[in-house]
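Beneath this line is the structure, given in structure tokens, with notes to follow.
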Amino acid sequence: MPDEPDDYGFTNTAQDIEELRRADQAAKSIGYVSREPAEVPPPVTRKTLGPVEIVTIRAPITVSRTFKRWCDENRYSYWEGIEALMQKAGVL
Amino acid sequence: MPTVVFANPKGGSSKSTSCLVLAMMLAKAGRTVAILDTDRNQPIADWRTGKSKSSIKVISNKDVDEDRIVRVIEAERRRHAYVFVDTEGSASLLVSRAILRADFVLVPLQASAVDARQASRAVALVKREEEVIGRTIPFRVLLTRTSPLIQTGLEREIAGVMEKAKLPTFKNHLHERQAFKLMFARRLTLDELDAKVSGLDKAITNAEALAKEFTQVVNAKEPAHA
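Line by line, the protein sequences are chains A and B.
Plus 10 on top of the position in the first sequence (first one is 1) and you've got this note's numbering.
Plus 785 on top of the position in the second sequence (first one is 1) and you've got this note's numbering.
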């Protein structure tokens, strides 16, 4: 699948892309590596919490793991995840 | 128009110096030259910020990264007689991608065992890429920072190793000259430097001889410029 034309008006053909892939592969095989800086995720800004209390939950492992994964994917802290779910359920 | 990549994964092998010196001599002879400065230290982009009246166009690494290198080369070679790619002293994919579009690879090499080992990595990369694209990529080793007066034992030894390995080498060297350092410090061309600079005339003579050989080697159809 060719790229969209860039600022220079060039479009990589499928052949160009394949050539580049093979060249990268050849270079990597003799120790050449990418030096581009890794993309840094934007910092997470935390809301001001106000008074807090600690809640410890015993939950089935399938539920706790699913909950944690869902929070990570949506960039929620755990309390923000609970808040989001309660808002969705119309509790908050 | 020729695209020339200056490559050696070893830092301090005079890639930027040889790149700028040759670009200056070509520009002086009326050729249009663009240099893609992909070294993160940006020595040539920094040079361009000075007061030099040279026509050399310099593109900094803000506009050239691994993703864009091939396209920028393609764009600039339409606009300039020569496109030079100055690479950083590391074994990066950007170097590999630049070589993919190179008409010629110049491998600067100081006469030291470490430099020679790293230069062989650049040559190995050229050979691998030749297999990928199914064409020959001409290359030549340039001995740099050599003494203009005597050939040291180590230089002789390195030259012998090159010959034994049948690595093509420039007959001219880039000598160790104060003027080659001052052109970066003053951000001027060799011709714009103060005539009182020690050995300036000899540095210019060295640069002209190298540029003459370079143009003959890179483009056999083009008459030597100097």
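Beta carbons are placed, not taken as given, at the ideal position from N, Cα and C, and that holds for glycine.
The structure displayed is predicted, hence computed values, not measured ones.
Exposure label - residue i; buried when at least 16 CB within 10 Å
i	result
B:T937	exposed
B:I829	buried
B:T990	exposed
A:I64	exposed
A:I27	exposed
B:S801	buried
A:K78	exposed
B:Q827	buried
A:V73	exposed
A:M96	exposed
B:N793	buried
B:K987	exposed
B:Q903	buried
B:L975	buried
B:K813	buried
B:E942	exposed
B:E861	buried
A:T23	exposed
B:T834	exposed
B:E948	exposed
A:L102	exposed
B:L939	exposed
A:T68	This sequence places Arg at residue 68 of chain A; Thr is not what is there. Exposed.
Under 9 Å from the C-beta of residue i: neighbouring residues of chain B
i	result
A:D82	Within 9 Å Cβ-Cβ: nothing; A:D82 doesn't reach chain B, min ~28 Å.
A:A99	Result: empty, since nearest Cβ-Cβ is about 44 Å, beyond 9 Å.
Between the CA atoms of residue j and residue i - distance to the nearest angstrom
i	j	result
B:E977	B:E851	34 Å
B:Q895	B:E993	20 Å
A:S87	A:C81	6 Å
A:M11	B:V917	Confidence at A:M11 is low in this model, with a pLDDT of 45, below 50, so its placement is unreliable and the value that follows should be read with caution. Each residue's alpha carbon lies about 20 Å from the other.
A:V62	A:G91	16 Å
B:S875	B:G796	7 Å
B:V899	A:P70	60 Å
B:A950	A:R31	30 Å
A:A37	B:V790	15 Å
B:G746	A:R45	This structure does not reach residue 746 of chain B, given that chain B is present from 786 up to 1011, and the question cannot be answered.
B:M968	B:A944	28 Å
A:T58	A:R75	26 Å
B:V982	B:E961	14 Å
B:A883	A:E83	37 Å
B:A980	B:A964	10 Å
B:L934	B:I922	33 Å
B:W832	B:L805	9 Å
B:L836	B:N1004	Just to set this straight, residue 836 of chain B is Lys in the shown sequence, not Leu. Approximately 31 Å between the Cα atoms of the pair.
Proximal residues of chain B, C-beta to C-beta of residue i below 7 Å
i	result
A:T45	For the record, residue 45 of chain A in the displayed sequence is Arg; it is not Thr. The contacting residues are S875, S877 and L879.
A:A33	S881, R882, L885, E914 and V917
A:A24	The premise fails here: A:A24 is roughly 15 Å from chain B at the closest Cβ pair, so nothing lies under 7 Å.
Contact set between residue i and chain B, taken where Cβ atoms lie within less than 8 Å
i	result
A:G41	A876 and R906
A:L30	V855, R882 and L885
A:A94	Within 8 Å Cβ-Cβ: nothing; A:A94 doesn't reach chain B, min ~36 Å.
Whole-Å CB distance - residue i paired with residue j, under 8 Å assumed
i	j	result
B:H865	B:A901	Rounded, the Cβ-Cβ distance is 32 Å, inconsistent with contact.
B:T788	B:V855	Between B:V855 and B:T788 the Cβ distance is about 10 Å, and since that is not below 8 Å, they are no contact.
B:I844	B:V857	7 Å
A:E29	B:L910	In fact, because the Cβ distance is near 15 Å, the residues do not count as touching under 8 Å.
B:T1087	B:L878	The structure shown does not extend to residue 1087 of chain B, since chain B spans only 786 to 1011, so no value can be given for it.
B:S905	A:A33	Not confirmed; about 19 Å, so no contact.
B:T929	B:S839	Actually they are not in contact, since the Cβ atoms of B:T929 and B:S839 sit about 21 Å apart, beyond 8 Å.
B:L973	B:F955	At roughly 25 Å, the Cβ-Cβ gap does not stay under 8 Å, so B:L973 and B:F955 are not in contact.
Residues that residue i contacts on chain A, provided the C-beta gap is smaller than 7 Å
i	result
B:D850	E46
Contact test: residue i Cβ vs the ligand COA heavy atom, cutoff 7 Å
i	result
B:N846	By its list of ligands, the structure shown contains no ligand whatsoever, and the ligand COA lies outside what it can speak to.
inquiry  = Give me the subset of the region 889-916 of chain B whose CB atoms are less than 8 Å from a CB atom of chain A, sorted by chain position.
reply    = R906, A909, L910, R913, E914 and E916
task = With 9 Å as the limit, tell me which residues of the region 862-886 of chain B have their beta carbon closer than that to any beta carbon of chain A; keep them in chain order.
result = E873, S875, A876, S877, L878, L879, V880, S881, R882, I884 and L885
request  = Would you list, in chain order, the members of the region 818-829 of chain B that have their beta-carbon closer than 7 Å to a beta-carbon of chain A?
outcome  = none
ask   = At a Cβ cut of 7 Å, what residues of the region 919-952 of chain B count as close to chain A, listed as they run along the chain?
value = Listed in sequence order: no entries.
key: chain B contacts from the region 61-74 of chain A (Cβ-Cβ distance under 9 Å)   = none
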